[in-house]
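Notes follow once the structure below has been shown.
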Amino acid sequence: MPVDSAKRQIWLVQQGVWDTPMESMPLAAGYLKATALADERIARETEVEIRNYRGGMKLSALSQDLFRDGAPDVLAFSVLGWNYREFGILAETFKQLRPDGWVIFGGTHVANRAQRTFAMVPEVDVVVNGEGEFVFTELVKAYLDGRSPRSLGDIDGISYQGPDGAVVTTPDRPRLEDLDVIPSPLLTGAIPLLDDAGEFRYDVALMETNRGCPYKCSFCYWGGAVGQRVRAFSRERLRAELEFLAQHKVHTVVLCDANFGMLPIDAEFVEDLLEIRERYGYPRTLETSWAKNKSKVFYQIVRDMKNAGMRSSFTLALQTLSDDALKLMNRRNMKVNDWRDLVEWLKAEELDCYAELIWGAPGESLQSFLRGYDRLAEHVSRIAVYPMLLLPNTEYFDKKESYGFVTVRGDTDDFEYVLAHHTMPLRENLEARRFIFYARVLAENLVLRHVWAPARVFAGLSQSTLLLNFADWLERQDDTDSAPLREAAANAAAEFGAVSPALVYMYGDPRAKTVLSRWWQEAVRPLVPETARQCLDEAFRYDIVTQPTCAEPGSPEAAGLELVDVDGEAFLRGAPVEFDFDVPRLVEAIGRGETVPIEPRRLVTSFYYKVGFAAFVATTNHEQSAYFIGRPERDVLGGQLAQDAAG
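If you count the sequence shown from 1, you need to add 797 to reach this note's numbering.
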């Protein structure tokens, strides 16, 4: 929209982290816009726009798109570690176009860090500390009043540069007790939901049901390193938002909550979600950060979702299995550490779960980390491993010197990556990062899934052993087929775990399957007892056959795959495939702790591949990737097949 309107132009800029064909929903900007426009004067005198961008968009393209029609009066940015540098440069460009315009920074990466922000980006006029909806509204009104950005001392919750250039920080603004005073960005239309074709335009729909976190984990800013009372939106509001999303046929809802499943209102939310899904057919899946300490509410929610066929990935947010590291993390006494019973319960309920670990926490060594990884992998093979970052407003960040942290900023972001500390020398960190790359590619992002358990039970090969075996084998290769993966591994060491290129290769290039098969034949089979080779070969082949497909219906890559509709969702169905072993049943039996004989059990099935994986392949978002794994016909059409057999 041209900016020569008689109304003042207020632009809110947000950028997602993933470089995907689809945008990430600008929820933070939506809250700001909805709240500002609820003020009659702002609604009358301004036009508030959201400028939302995909992650990975080059700065030159971003700047041209943002300023192609000129510059607004106020430019506000939702700042996180991955976009801090780009937004700082855009602020500099903006001030060249509008020297009298205001630049506002808000978000977790700059809150309470005004001294550094103003030093690095002097073009910033105001930094918002804490919840920003009503602070932003007051700032817009101050601009409309013609006030100077160097004289804002009556507005709580901000930092700005005074007339003499000194940083002025006003008193903290009390946290909102009644979250419903924030207008809904969905119900008010503040966030545009549809693209030009009338389809939902985002990868997933984001919602908050509550704010706050009661824990004080040393590495995490969610609780502000101080712990916060959790405050919830009302059931009526959340139900209205769910119904609105269902009417727009939103497939996946992702909750931006720290501990969903902790409060009684969470069970009410799921009750409403399931009722709305029954009525509209949507949403199909729910993803969230589940409560760290599982309660009766959590178990009831899980049962209700299972009974209704609602899918989700249940997270074991363990972070470490080292007692020394847990103590320093302020997590030693959290019930989450009694995780085995929970895993067994989820398996008994036939529900998917994955675990999270952090490498590089004080008190952890590489040996203790790998031991913990394999202990965990005996119960759950999908383990998301993340390198330690020092995030602003956390205990680790504030006590950096006492822990002996040595860090470096990222090449393209502003995160502080941990290189070393008192219990982690740099050389050990480099060895761990090598392991993390292959663990993330092969296990976390589901390139291999079923082979881990039988390899451990029948061949004595732990998950970390297999991953390091692959790393060693790959580094000995010099062929062109494996070159893209070797290059991705080398780049990841320098770019702190950038696994996206490796996933694009593994899932999008047919040569990758050849590379995996060669590794299996050359490096793994010789380690497997003769009696178990046929079984493990079939488990490996099952994983290869069921990898998600990037093929789109009608494309040459989809040759031999039939487009079918299952409950309103598009799948590609392959021809029947025969296996000598029923691999899923075998893995399930191992997971239940049963003594499983190595006996063939024939399986013949077609596999169904959910369409649309190409939009997610580069994201490293394994929670979404899990929905695209090839599923056997009995899992997709189980109820219908049983009905047909009975008929």
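Glycine included, C-beta positions come from ideal geometry on N, C-alpha and C.
What's the call for Arg-913, buried or exposed, on a 16-neighbour Cβ count within 10 Å?
Looking at its Cβ environment, which holds fewer than 16 other Cβ atoms inside 10 Å, Arg-913 is exposed.
Assign Thr-914 to one of three DSSP states: helix, strand, or coil.
It is helical.
Once you ignore the five residues that flank Trp-1490 on each side, which residues in its own chain have a CB closer than 6 Å to its CB?
Residue 1490 lies beyond the stretch modelled for the chain, which goes from 798 to 1444, so this question has no answer here.
Thinking just about the alpha-carbon of each residue, which of Ala-1174, Arg-1172, Val-1205 is nearest to the one in Met-1185?
The option with the nearest alpha carbon to Met-1185 is Val-1205.
Leu-1118 by DSSP, collapsed to three states: which one?
Coil.
Using only alpha-carbon positions, find the residue among Asn-880, Asp-922, Ser-821, Phe-1234 that is nearest to Val-871.
That would be Asp-922, whose Cα lies nearest to the Cα of Val-871.
Taking 8 Å as the cut-off, decide whether the C-beta atoms of Thr-1416 and Trp-879 are in contact.
The answer is no: Cβ separation not under 8 Å.
For the alpha helix (DSSP H) containing Tyr-999, name the first residue and the last one.
It is not in any alpha helix (DSSP H) - Tyr-999 carries neither H nor E in the DSSP assignment.
Which first and last residues belong to the beta strand (DSSP E) in which Lys-1196 is found?
Taken as a continuous stretch (DSSP letters only), Lys-1196 belongs to no beta strand (DSSP E), as it is neither H nor E.
With a CB to CB cut of under 6 Å and the five nearest residues on each side skipped, what residues in its chain are close to Cys-1053?
These residues qualify, in order along the chain: Leu-1003, Glu-1005.
In terms of residues, what are the limits of the alpha helix (DSSP H) holding Trp-1142?
That run of the alpha helix (DSSP H) goes 1137–1145.
For Ser-875, which beta-bridge partners are listed by DSSP?
DSSP output for Ser-875 lists Gly-903 as bridge partner(s).
Can you tell me whether Met-798 is buried or exposed, with buried defined as 16 or more other CB within 10 angstroms of its CB?
In this prediction, Met-798 has a pLDDT of 43, which is less than 50 and means its spatial position is unreliable; what the coordinates show is noted afterwards. It is exposed - the Cβ of Met-798 has fewer than 16 other Cβ atoms within 10 Å.
Count the other C-beta atoms from every protein chain shown that fall within 10 angstroms of the C-beta of Ala-1309, then say buried if there are 16 or more, exposed otherwise.
Under this definition Ala-1309 is a buried residue.
What did DSSP end up calling Arg-1008 once you bin it into helix, strand or coil?
Looking at Arg-1008 - three-state DSSP - the assignment turns out to be strand.
Hey, would you say Gly-950 sits closer than 8 Å to Val-964, going by beta carbons?
Cβ atoms of Gly-950 and Val-964: not closer than 8 Å.
Taking only three categories from DSSP, how would you classify Gln-806?
Note: Gln-806 maps to strand in three-state DSSP.
Within 8 Å, do at least three Cβ pairs link the segment 1185–1204 to the segment 1146–1165?
With the cut-off at 8 Å, the segment 1146–1165 and the segment 1185–1204 touch.
Could you tell me if Ala-803 is buried or exposed, where buried requires 16 or more neighbouring beta carbons within 10 angstroms of its beta carbon?
Looking at its Cβ environment, which holds fewer than 16 other Cβ atoms inside 10 Å, Ala-803 is exposed.
Which residue or residues does DSSP assign as beta-bridge partners of Asp-1210?
Answer is none; Asp-1210 lacks a bridge partner.
Considering only their Cβ atoms, is the gap separating Gly-954 from Gly-927 smaller than 8 Å?
Contact: yes.
How about His-1048 and Leu-1243: are their beta carbons less than 8 Å apart?
Against a cut-off of 8 Å, the Cβ pair of Leu-1243 and His-1048 comes out as no contact.
Which residues mark the beginning and the end of the beta strand (DSSP E) in which Tyr-1183 is found?
Where Tyr-1183 is concerned, the enclosing beta strand (DSSP E) stretches over 1180–1184.
Give the DSSP-derived three-state secondary structure of Leu-1188 in the structure shown.
Reduced to three states, the DSSP call for Leu-1188 is coil.
Within a Cβ cutoff of 6 Å, which residues of the same chain sit near Asn-1266, ignoring the five residues on either side of it in sequence?
Here the set comprises Ala-1320.
Just list the alpha helix (DSSP H) runs in the segment 1027–1079, keeping only unbroken ones of 4 residues or longer that don't cross its boundaries, in chain order.
For the segment 1027–1079, whole alpha helix (DSSP H) runs of length 4 or above, ordered along the chain, are 1032–1044, 1061–1077.
Can you tell me which of the three DSSP states Met-1221 falls into?
Three-state DSSP puts Met-1221 in a strand.
What is the DSSP secondary structure of Ala-1022, reduced to helix, strand or coil?
Unreliable positioning characterises Ala-1022 in this predicted model, as indicated by a pLDDT of 45, which lies under 50. The coordinate reading is nonetheless provided below. Of the three classes helix, strand and coil, the one that applies to Ala-1022 here is coil, per DSSP.
Rounded to whole angstroms, what is the Cα-Cα separation between Asn-1127 and Ala-1268?
Distance between the alpha carbons of Asn-1127 and Ala-1268: 34 Å.
Reducing DSSP to helix, strand and coil, say where Asn-849 ends up.
In the structure shown, Asn-849 sits in a strand (DSSP, three-state: E or B).
Just to confirm the assignment: which complete beta strand (DSSP E) runs, minimum length 3, are found wholly within the segment 950–987?
List check, beta strand (DSSP E) in window: 955–958, 964–966.
Taking Leu-1146 as the reference, which of Pro-1251, Ser-1119, Arg-1100 has the closest Cα?
Note that residue 1146 corresponds to Glu in the displayed sequence, not to Leu. Of Pro-1251, Ser-1119, Arg-1100, the residue nearest in Cα terms is Arg-1100.
Give me, in chain order, the residues of the same chain whose beta-carbon lies closer than 8 Å to that of Lys-938; leave out the 5 immediate sequence neighbours on both sides.
Taken in chain order, the residues that qualify are Asp-836, Arg-838, Ile-839.
So the beta strand (DSSP E) Arg-1370 belongs to, where does it begin and stop?
Here the beta strand (DSSP E) through Arg-1370 covers 1366–1370.
Give the secondary structure of Cys-1347 by DSSP, where H, G and I count as helix, E and B as strand, and everything else as coil.
Coil at Cys-1347, not helix or strand.
Where does Ile-1395 fall in DSSP's three states?
Correct three-state label for Ile-1395: coil.
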